[in-house]
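Trainee: Here it is, the structure, as structure tokens.
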Amino acid sequence: MMEKVVNAIGDAFLSTSIQRLFDGLNSIPDLLRFTHEGNIQAELKKWGRMLKRIYLVLDDAEERQWENPLVKMWVSDLRDLAYDAEDVLDELATEAQRRKLQAEPLARASKVRKIISTVSASMNLTTLKFSNEIVSKIEGISTRLDEIIKEKEDLHLGMCTRGRTNQMRARLPTTSLVNESKIYGREQDKKEILELLKKESSGVNVSVIPIVGMGGVGKTTLAQLIFNVTTLEFDLKAWVSVGEDFDVLRMTKTILHSVGWEDKYDKELNLLQIKLKEKLSQKKFLIVLDDVWTESYDHWTLFRSPFDIGAPGSRIIITTRNESVSSMMVTIRGYSLEHLSCEDCLSIFAQHALGATNFDEHLELEEIGKEIVKRCKGLPLAAKALGGLLRGSPNRNVWEEVLHSDIWDLPDEKNSILPALRLSYFHLPSHLKQCFAYCAIFPKDFEFDRDELVLLWMAEGFLYQSKKMKPMQDIGCEYFDDLLSRSFFQQSSSDKSICNA
């Protein structure tokens, strides 16, 4: 699964390549002194100006490449150009270092001044040849950059505003409604969350219970099951579909409407929060915040300020893919939601493919169905998507075609798996994107040892050292742990330092 996902998004970490070019242009003093020759320095400054213009539209390009093949081609051309430009900068840096090493002993060797003129002549010939070659390469890159800029204008690529980004990435909003007859394998999870809800919290009236897991594992479904338990005694309940944009004003309004407030025109957050505080005062409430992404403690603190007035036993359930979000919000430890068993995934698959929980009326499809479900890797979203794809087609040939096809090549309107996972990838910082994408060179189901993988990242130059000069291996371990907390790695049950991606 990881291999297919990364192959699909491999073009998307251009920002890291462009950033390395900026670093190469700005952080090599020897290179900058060397480039006073000819037009080299002027051309490199031109590179910097053009790269800044390109960098501003990368987010837009990375989004639109999934819907526009011309943009995808533009991204691919830019990636190739970035690699070639890096090679040229490496050549310049190497030549600058070579000249520095040759010049220093000659300057100190006063006894061999007669030799200097001969060596210098030889060096000048070598330098002239190199300068002509490198100037040609640099001008070639500049020409390609000009073409990239022109194509950028033709494709109408621009700065990707937050609103447009969220609109393009957004999944359907969720609601509290759920068909419990079609939920499988979550009885124990439901029981444990209910115990957390009923457990008394010392010193606080309102406890936050996070449900954490990768995209498609069933966090929302579990929250829906809990929300609809009729035996839970809460005075007020509210469901908020949050998404990427942690809009405090919108979320506050949603909760107010859920608890009986009818004024739809008040847009002042202060007044809304005062009204919400009045509504919740001394009431025992249950609020679900589904699909939370923000890691901003300030936003969270502002949002939850009306809730502390609630009665003891009040609860806020959040669902999130990121343990960092969970750690920032919680008053108790997050609940980690694991993958489903193959048997439960098979029931989900059969329900959506055949309208039944078994294969009694289609025995000839059962073995193929089991093989298809193995590809789901315990993700109920994948089982549902593949089942829905085959709904109304109880034909062995069609099922075998799906079994042997590349599900990741399906268009988004027929495939909810890749968009769900791609969303998690887009939220990664650029330095983590390249580290995760690097894992695609390993075989499927490869088990990664953290320390070994960190050394490989170091060798590739993927780790960035801050001014605090923290050891590189510590930085790499932080990168790994961050990916682990975002569910890009799954820990081995036998050895916590071994993970699958």
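Using the UniProt record's numbering, you'd call the opening residue of the sequence shown number 1 and step up by one each time. Where a beta carbon is used, it is the ideal one built from N, C-alpha and C, also for glycine.
#1: Since I believe Ala-350 is in contact with Gly-313 (beta carbons under 8 Å), could you give me their beta-carbon distance rounded to a whole number of angstroms?
#2: Within the region 146-214, note down every full alpha helix (DSSP H) run reaching 4 residues or more, in order along the chain.
#3: Just grab the DSSP bridge partners of Asp-290 for me.
#4: Which class does Ser-258 belong to by DSSP, given the choice of helix, strand or coil?
#5: Is Glu-447 helix, strand or coil when you go by DSSP?
#6: Taking the alpha-carbon positions, what's the Ile-316 to Thr-94 distance?
#7: Along the chain, where does the beta strand (DSSP E) that runs through Ile-316 open and close?
#8: Mind checking if His-404 is an interface residue toward chain C, Cβ cutoff 8 Å exclusive?
#9: Can you give me the start and stop residues for the alpha helix (DSSP H) that Asn-68 sits inside?
#10: I'd like the ranges of any alpha helix (DSSP H) spanning at least 4 consecutive residues and lying wholly in the region 332-378.
#11: Between Asn-395 and the rest of its own chain, which residues show a CB-CB distance below 6 Å, the 5 nearest in sequence each way excluded?
#12: Give a yes or no on whether the C-beta atoms belonging to Tyr-184 and Asp-360 are separated by under 8 Å.
#13: Who does Ile-498 pair with in a DSSP beta bridge?
#14: If we count the other Cβ atoms within 10 Å of its Cβ and call it buried at 16 or more, is Phe-446 buried or exposed?
#15: Short check: CB of Leu-157 to CB of Ala-82, under 8 Å?
#16: Check for me: the alpha helix (DSSP H) holding Asn-397 runs from which residue to which?
#17: Less than 8 Å between the C-beta atoms of Val-240 and Leu-302, yes or no?
#18: Rounded to whole angstroms, what's the CA-CA distance from Gln-491 to Thr-220? Just pull it up for me.
#19: Expressed to the nearest angstrom, what Euclidean distance is found between the alpha-carbon atoms of Leu-70 and Glu-153?
#20: Rounded C-beta distance between Val-212 and Ser-336? I'm assuming under 8 Å.
#21: Can you tell me whether Gln-102 is helix, strand or coil according to DSSP?
Mentor: Reading off the structure:
#1: Position 313 of the sequence shown holds residue 313. Position 350 of the sequence shown holds residue 350. Gly-313 to Ala-350, Cβ: 40 Å. No contact.
#2: 162-169, 187-198
#3: In the sequence shown, the residue the question calls residue 290 occupies position 290. In the DSSP output, where bridge partners are listed per residue, Asp-290 has Ser-241.
#4: Looking up residue 258 in the sequence shown gives position 258. Note: Ser-258 maps to helix in three-state DSSP.
#5: Along the sequence shown, read from residue 1 onward, the residue named residue 447 stands at position 447. Of the three classes helix, strand and coil, the one that applies to Glu-447 here is strand, per DSSP.
#6: In the sequence shown, the residue the question calls residue 316 occupies position 316. In the sequence shown, the residue the question calls residue 94 occupies position 94. Answer to the nearest angstrom: the Cα atoms are 58 Å apart.
#7: As a first step, residue 316 is located in the sequence shown; it is residue number 316 there, counting from the start. Note, Ile-316: beta strand (DSSP E), 314-320.
#8: The chain inventory of the structure shown lacks chain C, comprising one protein chain alone.
#9: Locating residue 68 in the sequence shown gives position 68, counting from the first residue. Per DSSP, Asn-68 belongs to no alpha helix (DSSP H) and is neither H nor E.
#10: 342-354, 366-374
#11: Walking along the sequence shown from the start, residue 395 turns up at place 395. If we look at Asn-395 and ignore the five residues flanking it on each side, it has no Cβ neighbours.
#12: Position 184 of the sequence shown, counting from 1, holds the residue named residue 184. Position 360 of the sequence shown, counting from 1, holds the residue named residue 360. No. Outside cutoff.
#13: For this step, residue 498 is matched to residue 498 along the sequence shown. Note: Ile-498 sits in a beta bridge opposite Asp-449.
#14: Residue mapping note: residue 446 aligns to position 446 of the sequence shown, counting from 1. Classification of Phe-446: exposed, given that the 10 Å Cβ count is below 16.
#15: On the sequence shown, residue 157 is found 157 positions in, with the first residue counted as 1. On the sequence shown, residue 82 is found 82 positions in, with the first residue counted as 1. Result no, Cβ atoms of Leu-157 and Ala-82 do not sit closer than 8 Å.
#16: Stepping through the sequence shown from its first residue, residue 397 is reached at position 397. Looking at the DSSP string, the run of the alpha helix (DSSP H) that includes Asn-397 is 396-404.
#17: Looking up residue 240 in the sequence shown gives position 240. Looking up residue 302 in the sequence shown gives position 302. No; because the gap between Cβ atoms is not below 8 Å, this pair is not in contact.
#18: Your numbering for residue 491 matches position 491 in the sequence shown. Your numbering for residue 220 matches position 220 in the sequence shown. C-alpha separation (whole angstroms): 22 Å.
#19: Indexing the sequence shown from 1 puts residue 70 at position 70. Indexing the sequence shown from 1 puts residue 153 at position 153. When rounded, the distance between both Cα atoms is 13 Å.
#20: If you number the sequence shown from 1, residue 212 lands on position 212. If you number the sequence shown from 1, residue 336 lands on position 336. Val-212 to Ser-336, Cβ: 5 Å. Contact.
#21: Counting from one through the sequence shown, the residue named residue 102 turns up at place 102. Correct three-state label for Gln-102: helix.
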